[in-house]
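Protein sequence lines, in the order shown, are assigned to chains H and Y.
For the first sequence, our numbering begins at 7 and goes up steadily by one.
For the second sequence, our numbering begins at 353 and goes up steadily by one.
Where a beta carbon is used, it is the ideal one built from N, C-alpha and C, also for glycine.
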Amino acid sequence: MIPFDQIFVQIVNGLVNGMILALVASGLTLIFGIMDVVNFAHGDLFMLGAYFGTTAYLYTGNFWIALLCAVLLMAVFGAVFQVAALRPLLGRQPLTTILATFGISLVIQNYALWQYGPVPRKIVEPVTGYFRLFYVDYPWYRLVIAGMSAAIIGGLYLFMKYGKYGIWIRATTQDRVMSQAMGIPVPLVHTVVFAIGAAMAASAGVLFGPTTGVNHAMGFDFTLKAFVVVVVGGMGNLGGSILASIFVSLLESLATVWVSPAQAIIVSFAALILTLLVRPTGLFVPTPK
Amino acid sequence: MSTVSPSTTGTSDRTLDTRARAVGPSRGYWTGFFLVVAVLAAVPYILPEFWQRFATEILIWGLYAMSSDILIGYTGMVSFGHSAFFGLGMYGAAAALLWAKPPNLWLAILVGLVAAAVVAAFVAFFSTRLRDIYFSITTLVFSQIFYVIIFTWTEVTGGENGLTFRAPAFGIPGVFTVPFTRDGMHWFVLGMVVLSYLVLRRITQSPFGMVLQSIRENEPRTRAIGYHVERYKIVSVMLSGCFAGLAGVLYAIQNKFAAPDFVLFLISGEAVIFNVMGGIGTLVGPVAGAAFFLLMKELFSRVFYEYYLIPVGIIFTLMVVFMPQGLLGAWRRQLNR
């Protein structure tokens with residue numbers, strides 16, 4: 007007997023989680039694509055952004071202003087992070103950047119624990135109200151999350167496609183040396199891209215905050231998930247990562263119909279390992295020639 | 353994918369250590385070796401109880417760090433999932449100690465090593481097909497899989513609470529048995545670590561070890577010469593996993609418990625931290641790195657309490673940026689003679 011209603015609810019859940027994950031992963035893949043930096047602290051940027059959101063919410067009392075504050079703060083933080091820890095590593099091994107960002111991730115995690123304590127913080131959701139979805143009252147807010155994520159990713163896409171600075175970013179991704187020769191300030195582009203990635207992670211964090219609460223350990227889960235989808239989607243490939251986020255989240259949500267959520271994560275790990283074995287360049291990218 | 357470069361270590365020391373091998377270890381090296389071992393053996397007489405236990409822990413974590421140096425420093429593959437091997441060694445020892453009546457030390461070591469080796473073979477089969485960061489991510493993911501399994505399979509592994517057991521007695525079967533004292537434990541651990549060091553040193557200087565180092569320096573060329581690179585990589589992961597498992601067994605015996613926390617990602621991260629701090633590719637460097645890390649942890653815990661990772665993380669990042677050779681990296685050539 008297949009529980010169709012459960013499956014349908016889990017599909018909706020998977021899509022919502024997938025959009026949040028896509029928001030985190032697209033920043034990660036953008037950063038990897040442009041400067042070969044594997045950002046181990048990306049989930050922690052997500053977590054710190056969410057905490058900044060709780061603080062800003064405490065002061066302003068308005069969710070949307072808090073979201074904006076957290077995003078701007080994290081963009082500045084990301085820029086400082088890049089200049090301080092990653093710029094000196096440019097041209098060294100990608101593995102060195104994993105180590106440096108791993109060190110930073112330890113610092114951010116413990117800073118959050120120290121500042122905010124081990125008890126999860128909650129942000130009050132800006133949109134209350136439920137609608138009936140089979141056997142559950144499904145919160146409208148979750149659909150707002152998916153919509154907002156899609157809007158932010160869409161905005162990024164338009165910026166990259168048509169904006170002057172977006173074209174700079176794409177040019178630097180394609181050929182760092184040539185872009186430099188054409189007069190694009192490459193170090194600045196790197197910093198800005200990292201700031202954009204951090205800001206997107208922060209926006210995902212604040213949007214995600216009301217659903218489960220914010221705690222200092224959630225960063226690592228998201229780092230791991232973002233790694234999984236970025237590799238499944240093809241390292242450095244924006245569209246692939248977004249599709250892979252939705253694909254992996256759907257798999258994981260559907261798995262929770264039959265196993266516990268803690269075990270469902272193994273399904274996405276299995277997806278990663280199979281992808282690496284069968285098609286190491288990523289599932290959702292054209293075969294390289 | 354195309355941006356990944358074939359070499360996996362810094363360009364500064366791209367020389368193979370073959371010339372050094374022909375020279376052989378200097379007298380100074382052996383003097384230093386025996387001096388350090390003598391000081392470590394004298395620890396029960398000179399240090400108070402707390403620091404003696406601390407020294408034993410450093411030795412165990414040092415062995416763990418040394419095992420991952422085989423991958424990071426010699427084969428050029430950074431494993432971010434070493435805790436799986438450590439943890440499986442721990443749980444293997446726990447299973448043997450709980451099952452056998454009376455608990456037998458050598459059986460625990462054997463079972464722990466076999467468990468770690470089996471898991472290492474499984475992980476290696478998949479992960480060695482990939483290189484650089486893909487290898488790191490795959491090992492990380494595998495260690496998380498084992499963590500989830502151990503954490504959720506409560507009937508067998510005790511879940512979150514882990515397993516507790518009684519320490520076995522030290523002895524040679526049929527000859528004598530004495531229960532472990534704290535001093536005896538220290539000397540036993542010291543003996544195992546020194547033995548492992550000598551074995552690993554011999555392996556890294558053997559023709560097999562030379563092939564591993566040539567994989568690190570230039571994988572396509574090693575393949576072109578005709579070595580079966582994948583096979584060497586699998587053996588190197590298994591070797592590394594076995595010694596990490598041994599460290600896990602020793603830790604389990606010393607502390608009389610096995611817990612899922614030791615399969616968690618942070619322990620894998622610590623292996624990498626030890627290596628980077630101490631200096632990769634030296635075998636003793638990671639031990640020094642472990643000592644340095646644990647001392648800093650102890651020191652900063654007194655000032656910052658459980659947030660000691662804030663200063664330690666900053667120091668680690670600074671060392672990655674400004675001191676990629678680590679503490680003992682400057683003596684890399686001498687240490688590999």
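- Listed along chain H are 282, 286, each with a C-beta nearer than 8 Å to that of residue 482/Y.
- Between the C-alpha atoms of residue 272/H and residue 50/H there is a straight-line separation of about 22 Å.
- For residue 619/Y, no chain H residue has a C-beta closer than 9 Å to its own C-beta; the minimum C-beta separation is roughly 13 Å.
- In the displayed model, residue 143/H falls within a strand according to three-state DSSP.
- In the structure shown, residue 676/Y adopts coil according to DSSP, grouped into three states.
- Residue 383/Y sits in a helix when the DSSP states are folded into three classes.
- Between the alpha carbons of residue 392/Y and residue 406/Y lies a gap of roughly 12 Å.
- Counting only runs that start and end inside the stretch 141-209 of chain H, the alpha helix (DSSP H) elements of at least 4 residues fall at 146-168, 170-180, 182-187.
- Counting C-beta pairs with one atom in each stretch, the stretch 570-577 of chain Y and the stretch 550-559 of chain Y have fewer than three that are closer than 8 Å, which means they do not touch.
- Interface criterion not met: the Cβ of residue 186/H is under 7 Å from no Cβ in chain Y.
- Taking all protein chains in view, the Cβ of residue 255/H is crowded by 16 or more other Cβ atoms within 10 Å, so the residue is classified as buried.
- A straight line joining the alpha-carbon of residue 469/Y with that of residue 34/H spans about 34 Å.
- Against chain H, the CB of residue 406/Y has no partner CB under 7 Å away; the residue lies outside that interface.
- Straight across, the Cα-Cα distance linking residue 46/H with residue 492/Y is about 12 Å.
- One thing to note: residue 551/Y has its Cβ no nearer than 7 Å to the Cβ of residue 584/Y.
- If you draw a straight line from the Cα of residue 624/Y to the Cα of residue 191/H, it comes to about 34 Å.
- Spatial neighbours of residue 459/Y in its own chain (CB-CB distance under 7 Å, excluding positions within 5 residues in sequence) are listed in chain order as 448, 452.
- In chain order, 430, 627, 632 place their CB closer than 6 Å to the CB of residue 424/Y, counting only its own chain and leaving out the 5 sequence neighbours on each side.
- In this structure, the alpha-carbon of residue 413/Y lies about 51 Å from that of residue 188/H.
- At a cut-off of 7 Å between C-beta atoms, residue 83/H does not count as an interface residue with respect to chain Y.
- In this structure, the beta-carbon distance from residue 621/Y to residue 113/H does not fall below 7 Å.
- Residue 67/H and residue 499/Y have their C-alpha atoms roughly 40 Å apart.
- One finds 500, 504 in chain Y with Cβ atoms closer than 8 Å to the Cβ of residue 269/H, taken in chain order.
- The beta carbon of residue 663/Y lies closer than 7 Å to those of 652, 656 in the same chain, with the five residues before and after it left out.
- Under a criterion of Cβ atoms nearer than 7 Å, the residues of chain Y adjacent to residue 117/H are, in order, 662.
- Think of a sphere of 8 Å around the beta carbon of residue 533/Y: no beta carbon from chain H falls inside it, the nearest being about 37 Å out.
- Counting every other CB atom within 10 Å of its CB across the protein chains shown gives residue 238/H a total of 16 or more, marking it as buried.
- In this structure, the straight-line span from the alpha carbon of residue 16/H to that of residue 276/H is close to 19 Å.
- Pairing residue 537/Y with residue 266/H, the inter-Cα distance amounts to about 41 Å.
- Residue 588/Y does not reach chain H, its nearest Cβ partner there being about 17 Å away, counting only Cβ pairs nearer than 7 Å.
- The beta-carbon separation of residue 80/H and residue 158/H, rounded to 13 Å, does not stay under the 8 Å limit for a contact.
- With contacts defined by Cβ atoms closer than 7 Å, residue 467/Y and residue 586/Y do not form a contacting pair.
- Judged by beta-carbon spacing, residue 85/H lies beyond the 7 Å limit of residue 261/H, meaning their Cβ atoms are not closer than that value.
- In this structure, 482/Y is the residue among 471/Y, 439/Y, 438/Y, 482/Y with its C-alpha nearest to the C-alpha of residue 581/Y.
- In this structure, 270/H is the residue among 176/H, 204/H, 270/H with its C-alpha nearest to the C-alpha of residue 504/Y.
- Burial of residue 116/H is indicated by the presence of at least 16 other C-beta atoms within 10 angstroms of its C-beta.
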